[in-house]
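So the protein sequences, as listed, match chains A and B. For the first sequence, our numbering gives the first residue as 6, with consecutive numbering after it. For the second sequence, our numbering gives the first residue as 6, with consecutive numbering after it. I have placed the structure first, in the form of structure tokens, so that the comments after it can refer back to it.
Protein chains: 2
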Amino acid sequence: MSVTIRDVARLAGVSVATVSRVLNASAPVREATRLRVLEVARQLRFSPNSAARTLSRQRAAALGVILPDLYGEFFSELLRGIDQEAQRAGHSLLVSSSHHDSRGIGAAVRAMRGRVDGLMVMAPDVSAPQLADVLPAGIPTVLLNGPAVEADVYEIAVDNFGGARAMTRHLIGLGHVRIGFIAGAERNHEACERARGHEAALREAGVHPDPSLHARGEFTEKGGWRATRELLALPQPPTAIFASNDAMAVGAMSALREAGVHVPSEMAVAGFDDIPVAPFLDPPLTSVRVGIAALGERAAALLLAALAERSPPDAPSRRDVLPAELVIRSSCGVQNAMPTSEFPFSHHTEDTLQ
Amino acid sequence: MSVTIRDVARLAGVSVATVSRVLNASAPVREATRLRVLEVARQLRFSPNSAARTLSRQRAAALGVILPDLYGEFFSELLRGIDQEAQRAGHSLLVSSSHHDSRGIGAAVRAMRGRVDGLMVMAPDVSAPQLADVLPAGIPTVLLNGPAVEADVYEIAVDNFGGARAMTRHLIGLGHVRIGFIAGAERNHEACERARGHEAALREAGVHPDPSLHARGEFTEKGGWRATRELLALPQPPTAIFASNDAMAVGAMSALREAGVHVPSEMAVAGFDDIPVAPFLDPPLTSVRVGIAALGERAAALLLAALAERSPPDAPSRRDVLPAELVIRSSCGVQNAMPTSEFPFSHHTEDTLQ
DNA sequence: TTGTAAGCGTTATCAG
DNA sequence: CTGATAACGCTTACAA
């Protein structure tokens, strides 16, 4: 097999304990010995076996991430934020995606048992009780954008309700009354929250929700495209479309273009998430910014803090809601279409690229 | 601590060996005993500690992925493919990104030592000798889209040269002579290959490459935007822009729109990668498809195969090049702009979503 | 069919 | 300052 600490010890003429002390700076070692050990370790290209270290230390220095999917910019951004924070703390990342049901999540959780110190789980399609059932007991867990769970976990979520309500208010303020809404998957918690927010805004404005304006798009471009065709086929089509995520908005704009419906003059379009490509679409997409990468960073930071305390969360369950802010671009007709000589997009500046 | 195999053994009144045999079905156990053990394990919600199992079995059932970045759809797609294949084989995924130099890669590699059975490394910014220096010796490794390395590793790459050449040929065939080329980062291997392909096509067509038409965009939207502004400011601007990845093409189209230059009638635009959002841009982006997710799947499959053989790769170094095919949409003026009633995009159909 | 015990590679405790 | 040695939790001969 590979080179172990014993090999280093033997060649350096010391015990494994001393090698360990040198490598971890965990206790004083005579300088001459130290240098000799270091030199041998370097020559042998020794690096400690993490599994053994994990077992011995009883901590893995790794975080687990369980996601429903990995398609599209949303998850990529989320993961980017998580990775950034984890790396800062010297933690590795174990990633597992494509888990839509509680069985799959349970399997992923078990596979991670012993290799991670904490868990971040995103499971918008799973109900709270089901989720609580498969979540592990002993290990700190952060739930992302999920339903409120009766368990000893942290929760971080975006203000889906508030964001959607703000967007619909915005559209109403622009004079739209017949607003087509493209919802996400039926059992998806985030999808439900966004739909609730939309309806709340309608009601507050005294607009009676028209069920025929409520389409469903599964959060994919394709779904948004299909839903938009349905809305266009209506006897009385809407004057605006609020797609409850950007991927569906992209699909919607694509369908509108094919149908020869101009955006925004003939149809306003809005999205949700503000994915990095949103400002580059034509027209630039009005959306709700949720700070995806920041959400990931925040979740990781919270988990790491919980880990550092070496104790369960203070409160039995703590829920943290990040604000969602409107980003007005020109896809709804409110435009400042002046060409700029500065790069006009705040999203991915060079410093965030690090 | 958590519940261990000893707890199960004690409560079931058997030895740990028997519990292990039951849980792994690794040897026959009397049915009654088996059921008892299973029942106890279920009640205790026991799941084996992976670190211990890894140490004992000398295999982790996990794959490591080291990436330069996680920004944009490219990596997301790649990871999706890798994850899919790894999951199929019951392997976990350890992911680490933001590694642009060999030092960072070395650190990531060391952190993974002992927790993964194989490694997939993408390091387009790092030179071959540097890379060879930090790559681990004992463990099967697949190099993605990197320079050819003198080491015992597999390599998978996309035909960057051929794809770029094909695209430039296409543009020349459309009558363009002054083609602006937006390159990636200077030391990036993929960027260089694409630039080489572009220049080869020019030369083959008898067009002398004009250095002023060669801009640089760092593979980001922002970079593409900037580079396009430079090209537009030229005394004699190009009639077509070939951005060597889609993100830069997106930035380019954005800059053109602001400058009031219509695509494709006044300027043809082409990209490279064919990211999922490409067909949804306005106009839909002509690009070079590299099958990103397939690339990931292929890499993972190759690694898993090498692992299964429990022996080093057959050949000392095997290099595998995936084809890159032209995807003609309307951003270069060749359009079939007929509205379809079928969803016109092949990229993310429901079955790939699983 | 079952139990005992020797690893797996580290870390950490306890003597020297 | 250094060396034995006992964990850590699991698998796997080897015996019984």
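Just so you know, even glycine gets a beta-carbon here, dropped at the ideal spot from N, CA and C.
Answer with yes or no whether the minimum CB distance from Y76 (chain B) to chain A is below 9 Å.
To locate residue 76 (chain B), count along the second sequence from 1; it is residue 71. Y76 (chain B) counts as touching chain A.
If you measure between the beta carbons of S336 (chain A) and P242 (chain A), is that distance less than 9 Å?
Translated into positions along the first sequence, residue 336 (chain A) becomes position 331. Translated into positions along the first sequence, residue 242 (chain A) becomes position 237. No, the pair does not count as a contact, with Cβ atoms beyond the cut-off.
Excluding the 5 residues flanking P129 (chain B) on each side, which residues of the same chain have their C-beta closer than 7 Å to its C-beta?
By one-based count along the second sequence, residue 129 (chain B) stands at place 124. Counting only Cβ-Cβ distances below 7 Å, and skipping sequence neighbours, we find P73, N150, G151, N193, H194 and E195.
Helix or strand or just coil, what does DSSP make of I161 (chain A)?
Counting from 1 along the first sequence, the entry for residue 161 (chain A) is found at position 156. Three-state result, I161 (chain A): strand.
Ordered along the chain, which non-local residues of its own chain (more than five positions away) have a Cβ less than 8 Å from that of E191 (chain B)?
Taking the first residue of the second sequence as position 1, residue 191 (chain B) is located at position 186. Same-chain partners within the cutoff: R221.
Based on Cα-Cα distance, which residue from A:A238, A:A310, A:A257 and A:G143 lies nearest to D287 (chain A)?
Residue numbering aside, residue 287 (chain A) sits at position 282 when the first sequence is read from its first letter. Among A:A238, A:A310, A:A257 and A:G143, the Cα nearest to that of D287 (chain A) is on A:A257.
Comparing C-alpha positions only, which one of B:G168, B:S132 and B:L308 sits nearest to H203 (chain B)?
Along the second sequence, read from residue 1 onward, the residue named residue 203 (chain B) stands at position 198. The option with the nearest alpha carbon to H203 (chain B) is B:G168.
Who are the near neighbours of H105 (chain B) in its chain, counting only those whose CB is closer than 6 Å to its CB and skipping five residues on each side?
Indexing the second sequence from 1 puts residue 105 (chain B) at position 100. Cβ within range, chain order: P73 and D130.
For the putative contact between A206 (chain A) and V326 (chain A), defined by C-beta atoms under 8 Å, what is the C-beta separation to the nearest angstrom?
Position 201 of the first sequence, counted from the first residue, corresponds to residue 206 (chain A). Position 321 of the first sequence, counted from the first residue, corresponds to residue 326 (chain A). Wrong, their Cβ atoms sit about 18 Å apart, outside the cutoff.
Would you say L99 (chain A) reaches chain B, if we count a Cβ-Cβ gap shorter than 9 Å as a contact?
Here residue 99 (chain A) corresponds to residue number 94 of the first sequence, with the count starting at 1. Chain B, which has a Cβ nearer than 9 Å to the Cβ of L99 (chain A), makes this yes.
Closest Cβ-Cβ distance between S81 (chain A) and chain B: below 9 Å?
Residue mapping note: residue 81 (chain A) aligns to position 76 of the first sequence, counting from 1. Closer than 9 Å: yes.
Using the Cβ count rule (16 or more neighbours within 10 Å means buried), how would you classify Q63 (chain B)?
Within the second sequence, the letter at position 58 stands for residue 63 (chain B). Per the 10 Å Cβ criterion, exposed.
Does the Cβ of L148 (chain B) have 16 or more other Cβ atoms within 10 Å, making it buried, or fewer, making it exposed?
Residue 148 (chain B) sits at position 143 when you count from the first residue of the second sequence. The residue is buried, with at least 16 neighbouring Cβ atoms inside 10 Å.
Quick one: is R85 (chain B) near chain A, going by C-beta distance under 9 Å?
Within the second sequence, numbered from 1, the residue matching residue 85 (chain B) stands at position 80. So yes, R85 (chain B) belongs to the interface.
Buried or exposed, going by whether 16 or more other CB atoms sit within 10 Å of the CB of N54 (chain A)?
As a first step, residue 54 (chain A) must be located in the first sequence, where it is residue number 49. N54 (chain A) comes out buried.
With DSSP as the reference, label H219 (chain A) as helix, strand or coil.
The residue you call residue 219 (chain A) lines up with position 214 of the first sequence. Strand at H219 (chain A).
If you drop the 5 nearest sequence neighbours on each side, which residues of the same chain put their C-beta closer than 6 Å to that of E90 (chain A)?
If you number the first sequence from 1, residue 90 (chain A) lands on position 85. Closer than 6 Å at Cβ, skipping near neighbours: E302, A305 and A306.
Chain B partners of N54 (chain A), CB-CB under 7 Å?
By one-based count along the first sequence, residue 54 (chain A) stands at place 49. Here the neighbours are R118 and G119.
Beta-carbon separation of A273 (chain A) and A245 (chain A) under 9 Å?
Here residue 273 (chain A) is taken as the residue at index 268 of the first sequence, counted from 1. Here residue 245 (chain A) is taken as the residue at index 240 of the first sequence, counted from 1. Yes, Cβ-Cβ distance for A273 (chain A) and A245 (chain A) is below 9 Å.
Specify the secondary structure class of F186 (chain B) as computed by DSSP and reduced to three states.
Indexing the second sequence from 1 puts residue 186 (chain B) at position 181. The answer is strand: DSSP assigns F186 (chain B) an E or B state.
Nearest-angstrom Cα distance between R58 (chain A) and A46 (chain A)?
Along the first sequence, one-based indexing puts residue 58 (chain A) at 53. Along the first sequence, one-based indexing puts residue 46 (chain A) at 41. Spanning the two alpha carbons is a distance of roughly 17 Å.
Within 10 angstroms of the Cβ of S61 (chain B), are there 16 or more other Cβ atoms? Answer buried if so, exposed if not.
In the second sequence, residue 61 (chain B) corresponds to position 56, counting from 1. Exposed is the call here.
Is the beta carbon of V255 (chain A) closer than 9 Å to that of V282 (chain B)?
Along the second sequence, one-based indexing puts residue 282 (chain B) at 277. Along the first sequence, one-based indexing puts residue 255 (chain A) at 250. Going by C-beta atoms, V282 (chain B) is nearer than 9 Å to V255 (chain A).
Checking 9 Å against the spacing of the C-beta atoms, do R174 (chain A) and A210 (chain A) come in under that value?
Taking the first sequence and counting its residues from 1, the one referred to as residue 174 (chain A) is at position 169. Taking the first sequence and counting its residues from 1, the one referred to as residue 210 (chain A) is at position 205. Result yes, Cβ atoms of R174 (chain A) and A210 (chain A) sit closer than 9 Å.
What are the boundary residues of the alpha helix (DSSP H) that includes E302 (chain A)?
Your numbering for residue 302 (chain A) matches position 297 in the first sequence. I297 to A313 is the span of the alpha helix (DSSP H), which, as asked, contains E302 (chain A).
Can you list the residues of chain B that V282 (chain A) reaches, using a CB-CB cut of under 7 Å?
Your numbering for residue 282 (chain A) matches position 277 in the first sequence. Neighbours of V282 (chain A) on chain B, chain order: V255 and V282.
Decide if A188 (chain B) is buried, meaning its Cβ has at least 16 other Cβ atoms within 10 Å, or exposed.
Position 183 of the second sequence holds residue 188 (chain B). So A188 (chain B) ends up on the buried side.
Mind checking whether A67 (chain B) and V139 (chain B) have CB atoms under 9 Å apart?
Along the second sequence, one-based indexing puts residue 67 (chain B) at 62. Along the second sequence, one-based indexing puts residue 139 (chain B) at 134. Result no, Cβ atoms of A67 (chain B) and V139 (chain B) do not sit closer than 9 Å.
Using a Cβ-Cβ cutoff of less than 8 Å, which residues in the same chain neighbour G137 (chain A) once the five nearest sequence positions on both sides are dropped?
Taking the first sequence and counting its residues from 1, the one referred to as residue 137 (chain A) is at position 132. First, the residue type needs correcting, since residue 137 (chain A) is Ala and not Gly in the sequence shown. The residues are V154, E155 and A156.
Between I247 (chain B) and I184 (chain B), is the Cβ-Cβ spacing less than 9 Å?
Looking up residue 247 (chain B) in the second sequence gives position 242. Looking up residue 184 (chain B) in the second sequence gives position 179. Residue 247 (chain B) is actually Phe in this sequence, not Ile. Yes, the pair counts as a contact, with Cβ atoms nearer than the cut-off.
Would G178 (chain A) pass as an interface residue toward chain B - the criterion being a Cβ-Cβ separation below 9 Å?
Residue 178 (chain A) sits at position 173 when you count from the first residue of the first sequence. No, G178 (chain A) lies away from the interface with chain B (no Cβ there is under 9 Å from its Cβ).
Roughly how many angstroms separate the alpha carbons of A113 (chain A) and T233 (chain A), rounded to a whole number?
Here residue 113 (chain A) corresponds to residue number 108 of the first sequence, with the count starting at 1. Here residue 233 (chain A) corresponds to residue number 228 of the first sequence, with the count starting at 1. Each residue's alpha carbon lies about 36 Å from the other.
Look up T59 (chain B) in the DSSP assignment and say whether it is helix, strand or coil.
For this step, residue 59 (chain B) is matched to residue 54 along the second sequence. It is helical.
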